[in-house]
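Worksheet: one structure, shown below.
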Amino acid sequence: MKKLPKTINITLRVWRQQGHESKGRFENIPVKDVSVHMSFIELLDSINERLTLDGKDPIAFDNDCREGICGTCGTVVNGRAHGPEKATTLCQLHMRKFSDGDTIIVEPFRARAFKLVKDLVVDRSALDKVIQAGGYISVNTGGSPDANALPIAQEIADKAMDAAACIGCGACVAACPSASAMLFVSAKISQLALLPQGRPEAAKRAVSMVRVMDGCGFGNCSNHRECENTCPKEISIVNIARLNREFIKASLASEE
Amino acid sequence: MQLNANIPGGPLEEKWDRHRFDLKLVNPANKRKFEIIVIGTGLAGGSASASLAELGYHVKTFCIQDSPRRAHSIAAQGGINAAKNYQNDGDSIWRLFYDTIKGGDFRSREANVYRLAQLSNNIIDHCVAQGIPFARDYGGLLDNRSFGGAQVSRTFYARGQTGQQLLLGAYGALMRQVAAGNVKMFPRREMLDLVIVNDQARGVVVRNLITGEIESYAADAVIITSGGYGNIYYLSTNAESSNVGACFRAYKRGALFANPCFTQIHPTCIPHTGDHQSKLTLMSESLRNDGRVWVPRHTGDIREPQDIPESDRFYYLEEKYPSFGNLVPRDVASRNAKDQCDAGRGVGLTRCAVYLDFSDAIQRDGRDVITKKYGNLFEMYERISDETPYEVPMMIFPASHYTMGGLWVDYNLMSNIPGLFVLGEANFSDHGANRLGASALMQGLADGYFIIPYTIGGYFAGTALDPVTTDHAAFDEAVKKDRIKIDKLMSIQGKRTVDNISRELGKIMWEYCGMSRNAEGLEKALESIQNLRAEFWENVIVPGTDRDYNKSLEKAGRLADSLEFAETMVFDALKRDESCGSHFRTEFQTEDGEAKRDDENFCHVSIWEYQGQDKRPAFHKEPLTFENVELSQRSYK
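If you read the protein sequences in the order shown, they are chains A and B. Every position in the first sequence, counted from 1, becomes a number in the numbering used here once 236 is added. Every position in the second sequence, counted from 1, becomes a number in the numbering used here once 576 is added.
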């Protein structure tokens, strides 16, 4: 078993901003005796406890499940969305990944399509808008055939599941130099395009989702692959290639 | 009080069909005249919003999160049961029904549970049609696994993320209806009050969690799907924002609360490391198939596990329950773990953990086999604890996970307040005193996709509804009341933070109203809760302003509810002088230390009616009758 120091001292350099129209600034908060077993979110909790008792405004940050699946949490830590650990959301990042004496820089996810709400909280509703444009199979409740009526090769189902694992946190957007949402959009398009149930609408879906994505102010993919590198669920950029194929096919076939 | 569960007549197998036929229909053209409010977007709320909108109703859906895709259903790992019998291993609707009734220790309604088993198959069909990537076998057909001790393989799953995939399916259907203009979505809203006009549920008051504004919305019916109240315990597996608020506010307006003391504790969570910890992460129970549970035989043995020889290890489950061993049900495993830790044999940093040791399994089957079965769980464990279960025994501890109790509903899933429907974990309907693994997802989706679309139609078609707008005085009254409460919370400016008080309440509930209870402890809990509630209203500190994003204020409001609701849980646990399912009263156990039911006196649903601040709620019973199954006693020796 590795033996680690039990506590470390760090300085948190955290972005504070009252609202999207106010001016933001970094604030330095020294924190002593941080248990290395804490998650990053629990560090923020403990700082907020102290700020509260000192009569100051706590740091606003979003979080919910604290087990890496809901996609609510997310800030940029030392220049990386969700922090330094690969394939890990902020809520599962533990303080043992930092060293005594570190200054840790914490900023919100920055993107044109994500309006800042307060401190580290941003509005990611643009991602919902993109899904509204076709991120589903148009089937009403009731009347579906027996679930086993349509066999799907295991390999295809697995690939669809790989894409479907996206938690919609927006880290890919925050990591992208162009603030593109291509990885997010392509994950949903891939999941549904791979499955036979999703084929009938595949062309319409690709065109419609890409159009709304552009309209929401997300940038274009410039092949930096930062998204894939940052994604806490390791969604592959193969999905972007698949999206491009679906989009081109759809555009060529389009009569609009 | 006259309570009618409205269970249709006729043989069990025909009840739902007959009822659907008997329910009056709303003319398709008239559906668009009805407005429905849905609170919550988990499996129940997401599926209900989507299917009601598909029928043509106007739906307004509210969620506490920034997006409806984030509700805590998303964290369910294991799977969803259905009686498809694809494995040809003897499953049937009747068997799923029977297992669920028995699993609930005969404290649920036969008719509701049978309907749930019937609908389980429709859910799988619909979810596959939605494009949910369930696991498949080599021939491309759906794969199943046996789950939670079931003797048949009836659990459908999507890796360890079944809840996520089912929720995203419901979310997709919901987004489709938003795009179609049939659902208006209100994220980052918290329900503060239920508005009742002419004795009918006609609207809600919510707080906008970004601007702090209090907003009113009117409708023809209100559906609460806000989940359970497990977060009342110290360190639950629930999400940060999971809370009893919406249900509790409805309870204060007259909705009845059923079986609040029935709460489930999950045995295999990753232990906490100190008071900084905010939640526990659950790991699949399947770990107990190969892991051996043990603690040091002697109290105060602080040697590293590898230094403790076999003779000094206490495999307490194997010794106490020779035939089931490490596979005893959730409640038995949980209770025994806590007993060992209370007796001073706990391990780990906080001495609140027991070992789950895979070394024998690795030796027997080889590391590759174990990796194949549990690799992802071991990885998750290592990420959180920084130890690898391949080399040192895993540590586990129980945590609050699910609540079977909830608002009382009839067979139509309508509460005693006309027009207030309650679905999913928020109601009490199907799991009795204990829920089986992989049944929560099933119930949430059955309620939302396949029950409410019919029963709400029956309500609209048979009810006279006057036009009501938010100009009605009842909205004004509710807004004023909530404003006063918020102002009060902001003005106390005491010395204890919300989290700090919340933790103390959680510890009281965990200690005295957790997985084992007794009258003495429960009485003590009542006193502690009352004292803590008094302290809260004098000494809590809420920073910032109420016209802004303010998590502390949100949490303070929820804690105020919990400090009252906790008492109702304790009253219920005190009143039920028997042990059943998850409710283990130490005074009522068999010689073997098993839950001892008292079917003669307690074969009923316990129902609580709010009587006002600081007053004991009134108690009512709904007797449970069993015409199709014989009540049996379980034994795991």
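Virtual Cβ for every residue (Gly too), placed ideally from N, Cα, C.
Who are B/F762's beta bridge partners in DSSP?
Against the second sequence, residue 762 of chain B aligns to sequence position 186. Partner(s): B/F638.
Entirely within the stretch 1030-1057 of chain B and at least 3 residues each: give me those beta strand (DSSP E) ranges in chain order.
Taking only runs of at least 3 residues, no beta strand (DSSP E) segment lies wholly in the stretch 1030-1057 of chain B.
To the nearest angstrom, report how far apart A/C412 and B/A1002 are at their CA atoms.
What you label residue 412 of chain A is simply residue 176 of the first sequence in a count that begins at 1. What you label residue 1002 of chain B is simply residue 426 of the second sequence in a count that begins at 1. The straight-line gap from Cα to Cα measures roughly 40 Å.
Assign B/W1113 to one of two classes, buried (16 or more other C-beta atoms within 10 Å of its C-beta) or exposed (fewer than that).
Along the second sequence, one-based indexing puts residue 1113 of chain B at 537. Exposed is the call here.
Could you say which of B/R1123, B/T1073 and B/E1140 lies nearest to B/S1104 if we only look at CA atoms?
In the second sequence, the residue the question calls residue 1104 of chain B occupies position 528. The candidate whose alpha carbon is nearest that of B/S1104 is B/E1140.
Evaluate A/K238 with the Cβ neighbour count: other Cβ atoms within 10 Å of its Cβ, from every protein chain shown; 16 or more gives buried, anything less gives exposed.
As a first step, residue 238 of chain A is located in the first sequence; it is residue number 2 there, counting from the start. No answer about A/K238 holds up, because its pLDDT of 46 lies below 50 and its placement is not dependable.
Taking B/V792 and B/I640 to be in contact with their CB atoms under 8 Å, please state how far apart those CB atoms are, rounded to whole angstroms.
On the second sequence, residue 792 of chain B is found 216 positions in, with the first residue counted as 1. On the second sequence, residue 640 of chain B is found 64 positions in, with the first residue counted as 1. The sequence as given places Ser at residue 792 of chain B; Val does not occur at that position. In fact, because the Cβ distance is near 18 Å, the residues do not count as touching under 8 Å.
Which residues in chain A have a C-beta closer than 9 Å to the C-beta of B/V728? List them in chain order.
Here residue 728 of chain B corresponds to residue number 152 of the second sequence, with the count starting at 1. Simply none; closest approach about 17 Å.
In chain B, which residues lie less than 8 Å from A/A393 when you measure between Cβ atoms?
Taking the first sequence and counting its residues from 1, one reaches residue 393 of chain A at position 157. Those are P709, F710, A711, R712 and G716, listed as they occur along chain B.
Taking the alpha-carbon positions, what's the A/L280 to B/F1147 distance?
For the purposes of this step, residue 280 of chain A is taken as the residue at position 44 of the first sequence. For the purposes of this step, residue 1147 of chain B is taken as the residue at position 571 of the second sequence. Taking the straight line from one Cα to the other gives about 36 Å.
Is it buried or exposed, A/D290, if we count other Cβ atoms within 10 angstroms and call 16 or more buried?
As a first step, residue 290 of chain A is located in the first sequence; it is residue number 54 there, counting from the start. Exposed.
What residues match up with B/Q776 in a beta bridge as DSSP calls it?
Start at 1 with the first residue of the second sequence, and residue 776 of chain B comes out as number 200. Note: B/Q776 sits in a beta bridge opposite B/V773.
So, helix, strand or coil for B/Y662, using DSSP?
Indexing the second sequence from 1 puts residue 662 of chain B at position 86. Here B/Y662 sits in coil by DSSP.
Can you round the beta-carbon distance between B/F997 and B/G981 to whole angstroms, since I take them to be within the 8 Å contact cut?
For this step, residue 997 of chain B is matched to residue 421 along the second sequence. For this step, residue 981 of chain B is matched to residue 405 along the second sequence. No, B/F997 and B/G981 are not in contact; Cβ-Cβ is about 17 Å, not under 8 Å.
Does B/L1081 get closer than 9 Å to chain A when you measure Cβ to Cβ?
Within the second sequence, residue 1081 of chain B is the residue found at index 505, counting from 1. False, the Cβ-Cβ gap to chain A never drops below 9 Å.
Return helix, strand or coil for B/L1108, following the three-state DSSP convention.
Locating residue 1108 of chain B in the second sequence gives position 532, counting from the first residue. Of the three classes helix, strand and coil, the one that applies to B/L1108 here is helix, per DSSP.
Terminal residues of the continuous alpha helix (DSSP H) containing B/L628?
Numbered from its first residue, the second sequence carries residue 628 of chain B at position 52. Element bounds for B/L628: L619 to L631.
Using 9 Å as the limit for Cβ to Cβ distance, is B/V1205 near chain A?
Locating residue 1205 of chain B in the second sequence gives position 629, counting from the first residue. So, not an interface residue.
Alpha carbon to alpha carbon, what distance is there between A/V267 and B/P1043?
As a position in the second sequence, residue 1043 of chain B is number 467, starting the count at 1. As a position in the first sequence, residue 267 of chain A is number 31, starting the count at 1. Spanning the two alpha carbons is a distance of roughly 57 Å.
So, does the CB of B/T813 fall closer than 9 Å to a CB anywhere in chain A?
Against the second sequence, residue 813 of chain B aligns to sequence position 237. Taking Cβ atoms only, chain A reaches closer than 9 Å to B/T813, which makes this a yes.
Scan the stretch 424-454 of chain A for residues whose Cβ lies nearer than 8 Å to a Cβ of chain B and list them as they occur along the chain.
Within the stretch 424-454 of chain A, the qualifying residues are Q427, L428, L431, Q433 and G434.
Between B/Q1187, B/G1188 and B/L1200, which has its C-alpha nearest B/V1181's C-alpha?
The residue labelled residue 1181 of chain B in the question sits at position 605 within the second sequence. The option with the nearest alpha carbon to B/V1181 is B/L1200.
With a cut-off of 9 Å, does the C-beta of B/E1114 fall near any C-beta of chain A?
Here residue 1114 of chain B refers to the residue found at position 538 when the second sequence is read from its first residue. B/E1114 does not count as touching chain A.
I want to see whether chain A comes within less than 9 Å of B/Y747, judged by CB atoms only; does it?
Working through the second sequence from its first residue, we reach residue 747 of chain B at position 171. Judged by the 9 Å Cβ criterion, B/Y747 is in contact with chain A.
With a CB to CB cut of under 8 Å and the five nearest residues on each side skipped, what residues in its chain are close to B/L903?
Translated into the one-based positions of the second sequence, residue 903 of chain B becomes position 327. The residues are G725, R864 and N865.
In this structure, how does DSSP classify B/C845 when only helix, strand and coil are distinguished?
Against the second sequence, residue 845 of chain B aligns to sequence position 269. The answer is strand: DSSP assigns B/C845 an E or B state.
Measure from the C-beta of B/Q740 to each C-beta in chain A and report whether the shortest distance is under 9 Å.
Stepping through the second sequence from its first residue, residue 740 of chain B is reached at position 164. Taking Cβ atoms only, chain A reaches closer than 9 Å to B/Q740, which makes this a yes.
Mapping DSSP to helix, strand and coil, what is B/L588?
By one-based count along the second sequence, residue 588 of chain B stands at place 12. The answer is helix: DSSP assigns B/L588 an H, G or I state.
Would A/S487 pass as a contact of A/G455 if the rule is Cβ separation under 9 Å?
As a first step, residue 487 of chain A must be located in the first sequence, where it is residue number 251. As a first step, residue 455 of chain A must be located in the first sequence, where it is residue number 219. In this structure, A/G455 does not lie closer than 9 Å to A/S487 by Cβ.
Taking A/V366 as part of the alpha helix (DSSP H), name the residues at either end of that continuous run.
For the purposes of this step, residue 366 of chain A is identified with residue 130 of the first sequence, where counting begins at 1. A/V366 -> alpha helix (DSSP H) spans S361 to Q368.
Report the rounded CA-to-CA distance for A/G315 versus B/G804, giving the unit in angstroms.
Taking the first residue of the first sequence as 1, we reach residue 315 of chain A at position 79. Taking the first residue of the second sequence as 1, we reach residue 804 of chain B at position 228. Between A/G315 and B/G804, the C-alpha separation is close to 38 Å.
Which one of B/H842, B/V871 and B/Y633 has the shortest CA to CA distance from B/T857?
Indexing the second sequence from 1 puts residue 857 of chain B at position 281. Nearest option by C-alpha distance: B/H842.
Quick one: is B/A1149 buried, meaning 16 or more other Cβ sit within 10 Å of its Cβ, or exposed?
Numbered from its first residue, the second sequence carries residue 1149 of chain B at position 573. B/A1149 should be labelled buried.
Got a sec? Which residues, its chain only, sit under 7 Å from B/A620 by beta carbon, not counting five neighbours each side?
For the purposes of this step, residue 620 of chain B is taken as residue 44 along the second sequence, with counting starting at 1. Closer than 7 Å at the Cβ level, and outside the excluded window around B/A620, lie T801, L999, G1000, G1020, D1023 and G1024.
Quick check: the Cα distance between B/L580 and B/A815, rounded to an integer number of angstroms?
Looking up residue 580 of chain B in the second sequence gives position 4. Looking up residue 815 of chain B in the second sequence gives position 239. A quick correction: the sequence has Asn, not Leu, at residue 580 of chain B. In a straight line, the C-alpha of B/N580 is about 34 Å away from that of B/A815.
Under 8 Å by Cβ, that's how I've got B/G821 and B/R1059 pegged, so tell me the actual separation to the nearest angstrom.
Here residue 821 of chain B is taken as the residue at index 245 of the second sequence, counted from 1. Here residue 1059 of chain B is taken as the residue at index 483 of the second sequence, counted from 1. That belief does not hold up - the Cβ atoms of B/G821 and B/R1059 are roughly 16 Å apart, past 8 Å.
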